[in-house]
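Student:
Numbering (the UniProt record's numbering), first residue to last: 1 to 85.
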């Protein structure tokens, strides 16, 4: 009887260790993804591409002034969040 209990306890301990390792690796992967996304979004060409797309959308719409304001606010908000983050 104790042999079965010991093997069950060892299996449980191994499963707990594997779970802890998985959690650590998952946290590292999520952190890496967040940093990579921030670095990608903070690149000048990405910011200019977003601004250019918004400006084009604003120029081709029925109400250009509101779209231009929206594009400027989106650009400013993105730049501010990248600066603060």
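Heads up, the beta-carbon is just placed ideally off N, CA and C, and yes, glycines get one too.
Are the segment 67 to 74 and the segment 49 to 57 touching by the rule of at least three beta carbon pairs closer than 8 Å?
Tutor: yes
Student: Whose C-beta lies closer than 8 Å to the C-beta of residue 78 among residues of the same chain, with five residues either side of it excluded?
Tutor: Around residue 78: 41, 47, 50.
Student: Can you name the start and end residues of the alpha helix (DSSP H) that residue 17 belongs to?
Tutor: 2 to 41
Student: Output needed for residue 75: all residues of its chain with C-beta closer than 8 Å, excluding positions within five of it in sequence on either side, in chain order.
Tutor: 47, 50, 51, 54
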